[in-house]
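The structure under discussion appears below in the form of structure tokens.
Okay, here's the thing in structure tokens:
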């Protein structure tokens, strides 16, 4: 099996529940998760602004992520930046994400902001933009036992959580089909 190479946008990594499912899927080898320093810089800023996370806490999280998946960090080259320089994007600040997708040789660019990555731009570099639900639903159906194990790990890692409230959080984060699929699998056990 060749796992899909997935570049995770900041919007996916910012959500604790989405990040946890993606990270554990990466650790299981179901996907090959990738990100860049620019994406992690944006994650640190977003955590500080929206969650009042301290710089030290954000740096610690970054270090833990890079330690857990040491192959995840990619560095776009000048050539990668040149290849995406001409592409039309709604937000020029997202250009670094496309360059990182090239550097990662990604099959998928996972983002909650699909409108920021138009089909013409992603097609031009040979990557498909996918929502977190699209990313996680495919392995939930292809690797049900592994995804149930991942779900159980996510639940165990978050204080005061249950299957139900974790799946509710997954739905709210933008993965309703995945949450429904996991719920159905859990109810059969």
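In the numbering used here, the protein residues as written are 1442 to 1630.
The C-beta atom is built at its ideal place from N, Cα and C for all residues, glycine as well.
Neighbourhood of residue 1614 by C-beta distance below 7 Å, restricted to the same chain and skipping five residues each side: 1456, 1458, 1459 and 1573
Local Cβ density within 10 Å of residue 1517, reported as buried at 16 or more and exposed below that: buried
4 or more residues per run - each alpha helix (DSSP H) lying fully within the region 1462–1523: 1478–1492 and 1496–1509
Per-residue DSSP class, three states only, for residue 1611: helix
Close beta carbons around residue 1575, own chain, < 6 Å, minus the five adjacent residues each side: none
Outcome for residue 1562 when other beta-carbon atoms lying within 10 angstroms are tallied against a minimum of 16: buried
Which residues DSSP lists as bridging residue 1571, in chain order: 1551
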